[in-house]
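Participant:
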Amino acid sequence: MLTYIIRRLLLLIPILIGVSIAVFLMIHLIPGDPAKIMLGERATPEDVARLREQMGLNDPLYQQYLGFMKNLLKGDLGRSIFSNEKITTELFERYPATIELTIASMLVAVLVGVPVGIISATKKYSIIDYLTMTGALAGVSMPIFWLGLMVIWLFSFKLGWFPPSARLSVGVELNNITNFYVLDSILTGNWVALKDSLYHLVLPSFSLATIPMAIIARMTRSSMLEVLSKDYIKTAHAKGLSNKVVVYKHALRNALIPIVTVIGLQFGLLLGGAVLTETIFSWPGVGKYSVTAILSRDFPAVQGSVLVLSTTFVFVNLLVDLLYGVIDPKIHYN
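Position 200 of the sequence shown, counting from 1, maps to 200 under full-length UniProt numbering, and the rest follow consecutively.
As structure tokens, then:
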């Protein structure tokens with residue numbers, strides 16, 4: 001397994017190089033001059049030319065990219081053109097917010113989607129099956145930006161149950177250790193901040209979880225139906241085992257591999273979907289930071305954001321591959 005992990009980590013290098021090249025080229029093809037954006041509409045051509053020279057924007061693209069990669073090997077993502085702050089510092093402040101939102105959304109998706117898929121499979125062609133699959137289809141069909149606005153309008157403005165934005169309410173103090181607010185609240189014993197941070201997580205995590213929840217439910221149903229038709233399941237029933245033991249002990253474990261695969265893929269997609277969700281809910285994560293960087297033509301910030309999210313996605317896929325061996329002992333990493 002160690003050899004397999006090392007090999008996968010080495011494959012990370014060409015993947016991230018390819019991602020960085022693609023993002024670098026796409027960003028530079030977008031119309032607009034970051035120097036003009038920084039200086040404003042009233043800037044003179046001389047001021048714009050001077051700032052472009054200072055930022056190295058007059059250099060050929062390959063020189064700008066090589067300079068970026070040289071700094072990257074040193075662990076330096078450069079400085080933001082817009083704020084002049086180190087990008088690693090800005091991402092370190094925002095990355096925990098994105099991961100916290102993604103984990104909360106995935107927990108909602110798994111805790112709801114897997115049981116719904118199991119119930120739907122065991123009640124095949126019943127009214128429950130039709131209702132759950134119709135709900136799953138509706139969940140896949142609803143765009144995040146529309147759903148996010150609707151839940152804010154209903155649960156925040158109309159009912160007043162949950163806050164519409166941010167991670168903590170004004171006036172709630174928290175001693176940040178890891179920048180994961182829920183974790184920091186537990187570590188410091190700040191139960192007021194814990195309750196408040198969880199309240200702020202409800203609406204964005206529910207909105208972000210809707211599509212993966214529906215996909216996980218459909219995949220769980222499909223995988224369970226395939227396993228439940230196997231001969232060893234019929235043998236287990238013939239031995240007199242209860243339906244609960246057959247479904248959850250024998251069938252579910254053998255149906256888990258495609259379910260875990262989908263969960264891993266959806267985790268990566270949630271990182272991308274967080275861009276819209278964070279913008280709608282003013283969630284201070286990497287997604288909102290990326291949108292701001294794109295609008296301000298902040299090349300280094302966009303590249304740094306994409307590289308961080310891409311690296312996270314690759315490591316999640318590696319974790320999913322390792323879980324296969326835990327779920328199915330027949331799988332070996334030779």
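Using N, Cα and C, we set each Cβ at its ideal position, and we do this for glycine too. Here the structure is a predicted model, which means the values were calculated and not measured.
The alpha helix (DSSP H) that contains P204, what's its start and end?
Facilitator: Sequence index remark: in the sequence shown, residue 204 carries index 204 (1-based). P204 -> alpha helix (DSSP H) spans 191–228.
Participant: Identify the residues that DSSP records as bridge partners of K86: which are they?
Facilitator: Working through the sequence shown from its first residue, we reach residue 86 at position 86. Its beta-bridge partners are R79.
Participant: Would L168 and S197 qualify as a contact pair, given that the criterion is a beta-carbon distance under 7 Å?
Facilitator: To locate residue 168, count along the sequence shown from 1; it is residue 168. To locate residue 197, count along the sequence shown from 1; it is residue 197. Yes, Cβ-Cβ distance for L168 and S197 is below 7 Å.
Participant: At which residues does the alpha helix (DSSP H) containing Y71 begin and terminate?
Facilitator: Here residue 71 is taken as the residue at index 71 of the sequence shown, counted from 1. According to the sequence shown, residue 71 is Asn rather than Tyr. Element bounds for N71: 61–73.
Participant: If you draw a straight line from the C-alpha of M133 to the C-alpha of F82, how long is it?
Facilitator: By one-based count along the sequence shown, residue 133 stands at place 133. By one-based count along the sequence shown, residue 82 stands at place 82. Approximately 47 Å, taken between the alpha carbons.
Participant: Quick check on DSSP: helix, strand or coil for I280?
Facilitator: As a first step, residue 280 is located in the sequence shown; it is residue number 280 there, counting from the start. DSSP places I280 in helix when its eight states are reduced to three.
Participant: How long is the line joining the alpha carbons of A214 and S205, rounded to whole angstroms?
Facilitator: Along the sequence shown, read from residue 1 onward, the residue named residue 214 stands at position 214. Along the sequence shown, read from residue 1 onward, the residue named residue 205 stands at position 205. Going by the C-alpha atoms only, they are around 14 Å apart.
Participant: What three-state label does DSSP hand P163 in the structure shown?
Facilitator: For the purposes of this step, residue 163 is taken as residue 163 along the sequence shown, with counting starting at 1. Correct three-state label for P163: coil.
Participant: Considering F299, what are the terminal residues of the alpha helix (DSSP H) in which it resides?
Facilitator: Reading the sequence shown from its first residue, position 299 is the one you call residue 299. 299–327 is the span of the alpha helix (DSSP H), which, as asked, contains F299.
Participant: Please confirm whether residue 337 and L194 have their CB atoms less than 7 Å apart.
Facilitator: The question about residue 337 has no answer here: the residues shown for the chain are numbered 1 through 334.
Participant: Taking the alpha-carbon positions, what's the G113 to G139 distance?
Facilitator: For the purposes of this step, residue 113 is identified with residue 113 of the sequence shown, where counting begins at 1. For the purposes of this step, residue 139 is identified with residue 139 of the sequence shown, where counting begins at 1. Using only the alpha carbons, I get a separation of about 11 Å.
Participant: Going by Cα to Cα distance, which pick from A301, I233, L241 is closest to Y95?
Facilitator: As a first step, residue 95 must be located in the sequence shown, where it is residue number 95. Among A301, I233, L241, the Cα nearest to that of Y95 belongs to A301.
Participant: Taking the alpha-carbon positions, what's the P284 to D231 distance?
Facilitator: Here residue 284 refers to the residue found at position 284 of the sequence shown. Here residue 231 refers to the residue found at position 231 of the sequence shown. Computed Cα separation, rounded: 52 Å.
Participant: Take V23 and list the residues in its own chain whose beta-carbon comes closer than 7 Å to its own, dropping the five residues that flank it on each side.
Facilitator: Residue numbering aside, residue 23 sits at position 23 when the sequence shown is read from its first letter. V302, Q303, V306, listed in sequence order.
Participant: Compare the Cα-Cα distances from G160 to each of Y65, L183, L203, P143 and report the closest residue.
Facilitator: Indexing the sequence shown from 1 puts residue 160 at position 160. That would be L203, whose Cα lies nearest to the Cα of G160.
Participant: By Cβ distance below 8 Å, which residues in the same chain neighbour N71 in space, the five residues on each side in sequence not counted?
Facilitator: Numbered from 1 along the sequence shown, position 71 holds the residue referred to as residue 71. Excluding positions up to five away in sequence, the list reads L77, G78.
Participant: Thinking M219 and V182 are a contact (beta carbons under 8 Å), I'd like their distance in whole angstroms, please.
Facilitator: Here the question's residue 219 lines up with position 219 in the sequence shown. Here the question's residue 182 lines up with position 182 in the sequence shown. With a Cβ gap of about 28 Å, M219 and V182 do not count as contacting.
Participant: Run the CB neighbour count on I21, radius 10 Å, all protein chains shown included, and call it buried at 16 or more, exposed below.
Facilitator: Reading the sequence shown from its first residue, position 21 is the one you call residue 21. Burial call: exposed.
Participant: Out of P163, R7, T122, I99, which one is the CA nearest neighbour of Y248?
Facilitator: Walking along the sequence shown from the start, residue 248 turns up at place 248. The candidate whose alpha carbon is nearest that of Y248 is T122.
Participant: Between V320 and G264, how many whole angstroms is the CB-CB distance? I'm expecting something under 8 Å.
Facilitator: Locating residue 320 in the sequence shown gives position 320, where the first residue counts as 1. Locating residue 264 in the sequence shown gives position 264, where the first residue counts as 1. Indeed they touch by this definition, with Cβ atoms about 3 Å apart.
Participant: For R221, is the classification buried or exposed, using 16 other Cβ atoms within 10 angstroms of its Cβ as the cut-off for buried?
Facilitator: What you label residue 221 is simply residue 221 of the sequence shown in a count that begins at 1. R221 comes out buried.
Participant: What is the DSSP secondary structure of Y289, reduced to helix, strand or coil?
Facilitator: Numbered from its first residue, the sequence shown carries residue 289 at position 289. The answer is helix: DSSP assigns Y289 an H, G or I state.
Participant: Please say whether S229 and V255 have beta carbons closer to each other than 7 Å?
Facilitator: If you number the sequence shown from 1, residue 255 lands on position 255. If you number the sequence shown from 1, residue 229 lands on position 229. It is Ala, not Val, that sits at residue 255 in the sequence shown. No; because the gap between Cβ atoms is not below 7 Å, this pair is not in contact.
Participant: Please report how far the alpha carbon of L323 lies from the alpha carbon of I259, in whole angstroms.
Facilitator: What you label residue 323 is simply residue 323 of the sequence shown in a count that begins at 1. What you label residue 259 is simply residue 259 of the sequence shown in a count that begins at 1. Distance between the alpha carbons of L323 and I259 is about 12 Å.
Participant: How would you call Y289, buried or exposed, if buried means at least 16 neighbouring beta carbons within 10 angstroms?
Facilitator: Position 289 of the sequence shown, counted from the first residue, corresponds to residue 289. Flag for Y289 reads buried.
Participant: So K234 is in the alpha helix (DSSP H); what residue range does that whole segment cover?
Facilitator: The residue given as residue 234 occupies position 234 in the sequence shown. It spans 231–238 - the alpha helix (DSSP H) in which K234 sits, taken as one unbroken run.
Participant: Smallest Cα separation from I13: which of L252, G325, F315, E46?
Facilitator: Counting from 1 along the sequence shown, the entry for residue 13 is found at position 13. Ranking the options by Cα distance to I13, first place goes to F315.
Participant: Which stretch, first to last residue, makes up the alpha helix (DSSP H) that contains G135?
Facilitator: Here residue 135 refers to the residue found at position 135 of the sequence shown. Segment 127–141, the alpha helix (DSSP H) holding G135.
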